[in-house]
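In mature numbering (1 follows the signal peptide of the UniProt record, and there is no 0), the protein residues as written are -20 to -1, 1 to 760.
Quick look at the structure:
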């Protein structure tokens, strides 16, 4: 993708002496490609103005000629100047200094003659802050000025940017002025206010090569040189440049003024220009793979959803990027120009997100392929325990990146990189991790490469693993454990194909292979699995029982009866998820996801089932049982819900720290994403009895849900109800759609509460013996 950057270059010509060399380079986030580059041999006065947006770097390099050594004043003191009113910016008058780091969201790094300024995650200003730096020669004379504009959010940027050169520049000096023209605003450059004639860049309609999007663009051919006093370029309303332009006109002492367009590098995404032909473009699909930074410059209301801010996930949910790709950074250059950096975004799985053009006859989808990634340096973006991150590994992705502190390293014992736990559910920094023997891990197919700041894990075809999960440990120089990477490893992956029923697992027979762990990536609201079609004849699904799943497959040398089982709704927090097995459905396994379904866990974990030949544990001692493991990725949204309930550690508190209590209180008007964990009770007969009558259909349900809810909610709006704890039961939760759904994650319905006049409510969850075990109080 190409995003344009514009520099206004004002040159006042004359005989000059070169003082030295300066370069100003802008980059974005984790990508080293240059967004904007100014390189100049300074002569007399050089003036350089650039805009610095969130997650961008500005690097300044100065190099004297041996006689006139450059200094950047007062950047060497981590400070900047702010000019006095009506003062020429090119004179040597001292001004007040302001500390950059203490007053702005800017980091400053210095290496010899190089400075680098980075716009970080701290609170952004609510207006443009102009920082001025003097370039000083050997005798402390001003030989140049650098102006860096720290940009706020788009809504705080003025719609018009005016530069009056007749006031800024001392006409007695030779000056070159470089200005980056601002996207999304109207720019006016006043060269001579005595001349009333304005040179305007005219607009024209243009249709892009990729996506066939109609733009309003600046036509450089219509912007011709003339004797005038004012330049004007209107980039409001999504107007952008279509190509490079270099323009000349008279300004200041009748010398030449050059207007030049500088291009951003080719970031993939939707744009007006760009000749890159991505894979499958002929199918109306724009694929973006192996890219950390993508961008769009698309008119508003063309893409669905609001692309880069939101995406559509594999099960057709609209998801926010900040939740789904935690640690991603979105730079809003204007209301239509955006850059997304996912280089350090934490994501547990290999996922494909999309947005699409819906206007016009031509429809194009943009697909963004995201690989598992982990950033242990940012506790807010990893597991809820804030010490570990989880990734799902399979051969669909060969390289996995783990970001770490540059002073930390991978723990190695006898050249071993990977470890396991006897009880992975109790993992902490003080756990007794054990080295994985070579019998369980063939190290010739997995390689760990350590670099300052990150670790890369590579796996190759032929990789086999018999333990899950495995752990990579990160320690400091004192050998103290500082971070944990939890890896659920799969031998292969299978996606679902769409047919008239919904999503069926792709038919791939593994009957003659070793015991494998097959990761199933759900890509449809209704997914079915037939063991016979995947693993061969004679295979049946385990474990039996309504909503019963395996908690983990710790060692594939074990018999399936040795693996621990649990009720899905106990192990996870879920709503809108229905799991059916024979005879509830005609196939071995059917998973139905309602619109808006939600699922959470104490950490990202698969849902495990086994397709087995079914011999007994005693027979297994003679002839090992043949089975295949289905590890279902339920496609977590990445939202850390606030709340409490029966299972500890499912939720976080208001500071995003894992909450282990069984009682909590929230105000729904101030806090989003509050949930209560209270699993439905499944009577014993539903674990064995024929479930055919409760099978879920797309049509309206004619049966009541046969399972029992174990919560009770009481109105606590009035003072008397709180004082005497009246037991007036009320319904305050959103209802379920399927009679076969077992729910454990309950969301408060604020509209329902208001309709009943409820301002405060307390809900308790009971165990099967009728004892209250957890409580939540909410107000609106």
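Here a beta-carbon is modelled for each residue, glycine too, at the ideal position from N, C-alpha and C.
C-alpha distance - residue i paired with residue j, whole-angstrom precision
i: residue 300; j: residue 617; result: 9 angstroms
i: residue 663; j: residue 748; result: 10 angstroms
i: residue 530; j: residue 546; result: 6 angstroms
i: residue 754; j: residue 296; result: 34 angstroms
i: residue 320; j: residue 365; result: 27 angstroms
i: residue 627; j: residue 657; result: 7 angstroms
i: residue 453; j: residue 388; result: 10 angstroms
i: residue 233; j: residue 171; result: Since pLDDT at residue 233 reaches only 48, below the 50 mark, its modelled position is unreliable, and no value is offered.
i: residue 718; j: residue 287; result: 32 angstroms
i: residue 348; j: residue 440; result: 24 angstroms
i: residue 706; j: residue 695; result: 8 angstroms
i: residue 573; j: residue 294; result: 12 angstroms
i: residue 217; j: residue 619; result: 34 angstroms
i: residue 215; j: residue 163; result: 6 angstroms
i: residue 757; j: residue 715; result: 19 angstroms
i: residue 423; j: residue 19; result: 49 angstroms
i: residue 12; j: residue 165; result: 27 angstroms
i: residue 50; j: residue 195; result: 44 angstroms
i: residue 62; j: residue 133; result: 21 angstroms
i: residue 120; j: residue 60; result: 16 angstroms
i: residue 752; j: residue 269; result: 51 angstroms
i: residue 702; j: residue 744; result: 15 angstroms
i: residue 727; j: residue 554; result: 10 angstroms
i: residue 29; j: residue 7; result: 16 angstroms
i: residue 311; j: residue 355; result: 20 angstroms
i: residue 438; j: residue 615; result: 23 angstroms
i: residue 58; j: residue 129; result: 16 angstroms
i: residue 333; j: residue 351; result: 11 angstroms
i: residue 173; j: residue 142; result: 12 angstroms
i: residue 102; j: residue 302; result: 16 angstroms
i: residue 457; j: residue 386; result: 11 angstroms
i: residue 313; j: residue 139; result: 13 angstroms
Nearest candidate by alpha-carbon position, reference residue i, set the options
i: residue 353; options: 566, 277, 174, 383; result: 383
i: residue 124; options: 39, 53, 165, 27; result: 27
i: residue 652; options: 643, 633, 660, 507; result: 633
i: residue 461; options: 421, 391, 521, 427; result: 391
i: residue 407; options: 442, 345, 394, 369; result: 369
i: residue 416; options: 362, 183, 534; result: 534
i: residue 585; options: 329, 323, 568, 423; result: 329
i: residue 559; options: 499, 506, 109; result: 506
i: residue 724; options: 147, 713, 80, 281; result: 713
i: residue 552; options: 322, 578, 569; result: 578
i: residue 613; options: 9, 470, 732; result: 470
i: residue 709; options: 699, 700, 697, 692; result: 692
i: residue 465; options: 540, 436, 459; result: 436
i: residue 400; options: 186, 528, 413, 322; result: 413
Beta-ladder partner(s) of residue i, from DSSP
i: residue 461; result: 455
i: residue 711; result: Bridge partners of residue 711: none, in fact.
i: residue 221; result: 198
i: residue 178; result: 210
i: residue 270; result: Answer by DSSP bridge pairing: none, since residue 270 is not bridged.
i: residue 169; result: 143, 211
i: residue 751; result: For residue 751, which the question treats as bridged, DSSP gives no partner whatsoever.
i: residue 744; result: 692, 755
i: residue 725; result: 657
Presumed contact (8 angstroms Cβ cut-off) between residue i and residue j, rounded CB distance
i: residue 496; j: residue 608; result: 6 angstroms
i: residue 95; j: residue 85; result: 17 angstroms between Cβ atoms; not a contact.
i: residue 549; j: residue 690; result: Actually they do not touch by this definition, with Cβ atoms about 11 angstroms apart.
i: residue 522; j: residue 512; result: Incorrect: roughly 14 angstroms between the Cβ atoms, too far for contact.
i: residue 80; j: residue 88; result: 6 angstroms
i: residue 502; j: residue 571; result: 7 angstroms
i: residue 525; j: residue 556; result: At roughly 21 angstroms, the Cβ-Cβ gap does not stay under 8 angstroms, so residue 525 and residue 556 are not in contact.
i: residue 160; j: residue 16; result: 6 angstroms
i: residue 760; j: residue 649; result: 6 angstroms
Item checked: Continuous beta strand (DSSP E) assignments of at least 3 residues falling wholly in the region 502 to 534 -> 506 to 509, 520 to 522, 528 to 530
Next item on the list: Ignoring anything shorter than 3 residues or poking outside the region 293 to 368, list the beta strand (DSSP E) runs there in chain order.
Entry: 298 to 300, 309 to 312, 317 to 321, 331 to 337, 345 to 350, 353 to 355
Next item on the list: Can you check the region 96 to 140 for any alpha helix (DSSP H) of at least 4 residues that lies completely inside it and give the ranges in chain order?
Entry: none
Checklist line | 3-residue-minimum beta strand (DSSP E) runs that sit fully inside the region 609 to 676, ordered along the chain | finding: 622 to 625, 643 to 647, 654 to 657
Check: Of all the beta strand (DSSP E) runs that stay within the bounds of the region 531 to 559, which reach a length of 3 or more residues?
Finding: Every unbroken stretch of the beta strand (DSSP E) spanning 3 or more residues and falling wholly within the region 531 to 559 is given here in chain order: 545 to 547.
Check: Can you list the beta strand (DSSP E) stretches of 3 or more residues lying completely in the region 410 to 445, in chain order?
Finding: 426 to 431, 434 to 439
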